[in-house]
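Quick note on UniProt numbering: the sequence shown kicks off at 1 and runs consecutively.
Heads up: the structure comes next, in structure tokens.
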Amino acid sequence: MPRSQFTLDELRTVLREAAGTDEGVDLDGDIIDVSFDALGYESLALLETASRIERDHGISLDEEALVAAKTPRELIDLVNAHLAAA
């Protein structure tokens with residue numbers, strides 16, 4: 001069942017499970033405005049993460065908007081906008 005709010009904690013979990021974590025990256029730290037590049041996530045890892053989010057929450061994320069999301073905050077906002085519209 002789709003949920004109404006996607007959180008940073010959920011994103012952390014999905015990132016770890018879908019794409020792993022680079023050594024030296026602390027996902028539990030203040031990462032909300034850190035770029036995915038700086039966190040060690042390239043486009044393929046983010047596509048896998050988005051696929052998991054879509055499946056878990058019953059939404060479809062626009063690929064252009066997904067590519068434009070450069071930080072966890074931007075991705076969370078994108079997911080929450082889709083959840084609100086669903």
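Idealized CB from N, CA, C, for every residue including glycine.
Please look up how many angstroms separate the CB atoms of residue 39 and residue 31, rounded, as I've assumed it's under 8 Å.
-> Numbered from its first residue, the sequence shown carries residue 39 at position 39. Numbered from its first residue, the sequence shown carries residue 31 at position 31. The pair is a contact, with the Cβ atoms about 6 Å apart (cut-off 8 Å).
Taking all protein chains shown into account, do 16 or more other C-beta atoms lie within 10 angstroms of the C-beta of residue 50, making it buried, or fewer, making it exposed?
-> Residue 50 sits at position 50 when you count from the first residue of the sequence shown. Under this definition residue 50 is a buried residue.
Since residue 6 is in the alpha helix (DSSP H), which residue starts that stretch and which ends it?
-> Residue numbering aside, residue 6 sits at position 6 when the sequence shown is read from its first letter. That residue, residue 6, is in no alpha helix (DSSP H); it is neither H nor E in DSSP.
Near residue 69, which residues of its chain fall below 6 Å by C-beta distance, leaving aside the five closest residues on each side in sequence?
-> Working through the sequence shown from its first residue, we reach residue 69 at position 69. Excluding sequence positions up to five before and after residue 69, its CB lies within less than 6 Å of the CB of 75 and 78, all in the same chain and listed in chain order.
Distance cut-off 7 Å: residue 10 Cβ against heavy atoms of the ligand HEM | In terms of ligand content, the structure shown is empty, and the ligand HEM therefore cannot be addressed.
Can you find at least 3 beta carbon pairs, one from the segment 55–67 and one from the segment 17–29, that sit closer than 8 Å?
-> No, because fewer than three Cβ pairs between the segment 55–67 and the segment 17–29 fall closer than 8 Å, the two stretches do not touch.
Closer than 8 Å by C-beta to residue 2: which residues in its own chain qualify, once you throw out the five before and the five after it? Chain order, please.
-> Working through the sequence shown from its first residue, we reach residue 2 at position 2. Bear in mind that the predicted position of residue 2 carries a pLDDT of just 48, short of 50, making it unreliable; the figure below should be weighed with that in mind. 57, 58, 59, 83 and 86, listed in sequence order.
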